[in-house]
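Take a look at the structure below.
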Amino acid sequence: MSKNFYLVDETRSSGAMLYKDLGLKPPNLLSDLPEGSKAVWNPISLEKLATLNADYVFLVNSDKNAGEDSLKDPVWQGIPAVKNGHVFEIPSTSSWLYSVGSPASKSWTKR
10 MSKNFYLVDE TRSSGAMLYK DLGLKPPNLL SDLPEGSKAV WNPISLEKLA
60 TLNADYVFLV NSDKNAGEDS LKDPVWQGIP AVKNGHVFEI PSTSSWLYSV
110 GSPASKSWTK R
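Count the sequence shown with my numbering and you get residues 10 to 120, in order.
Structural data, given as structure tokens:
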């Protein structure tokens, strides 16, 4: 696992699916970011991540060999989602990480 953590913006990319389609609540840290500094993927420290008291964590592990110590870190272990087994690992090659189609395009692709 990489030592870098990021929060996805709620209006773009997979954030739209997490926060709109699935109805998960965006963390306050996203709305606290200065308007001009928001990105699709916003860096966050492990310590700051732990303050979210997240019920669910969707983890994109792009480097399986890096950051193994992060998984053993007591800060990581103390996150409610980790304690309750609510960490879902998403492959870094998954297409939903980068774009989410409109409802019309989703129905079109089912044809």
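Glycine included, each C-beta is placed from N, C-alpha and C at the ideal position.
Worksheet item: Sorted by chain position, which residues of the same chain lie with C-beta nearer than 8 Å to G24's C-beta, five sequence neighbours on each side aside?
Response: V17, D18, P35, V49
Item to complete: Please list, in chain order, all residues of the same chain as L33 whose beta carbon is under 8 Å from its beta carbon, the five residues on each side excluded.
Response: L27, Y65
Worksheet item: Exposed or buried, which one is F14 when buried takes at least 16 other CB atoms within 10 Å?
Response: buried
Worksheet item: Quick one: is L42 buried, meaning 16 or more other Cβ sit within 10 Å of its Cβ, or exposed?
Response: exposed
Practice prompt. Quick one: residues in its chain with C-beta nearer than 7 Å to the C-beta of R21, no 5 flanking neighbours on either side, listed in chain order?
Written response: V49
Discussion item. Are the CB atoms of N51 and L39 within a distance shorter than 8 Å?
Written reply: yes
Worksheet item: Rounded to the nearest angstrom, how far is the Cβ of A63 from that of I88, given a contact under 8 Å?
Response: 6 Å
Worksheet entry | For L68, the three-state DSSP class (helix, strand or coil) | strand
Worksheet entry | Spatial neighbours of A90 in its chain, beta-carbon cut-off 7 Å, leaving aside the 5 residues before and after | A63, D64, Y65, V66, V96
Worksheet item: Quick one: what does DSSP say L16 is sitting in, helix, strand or coil?
Response: strand
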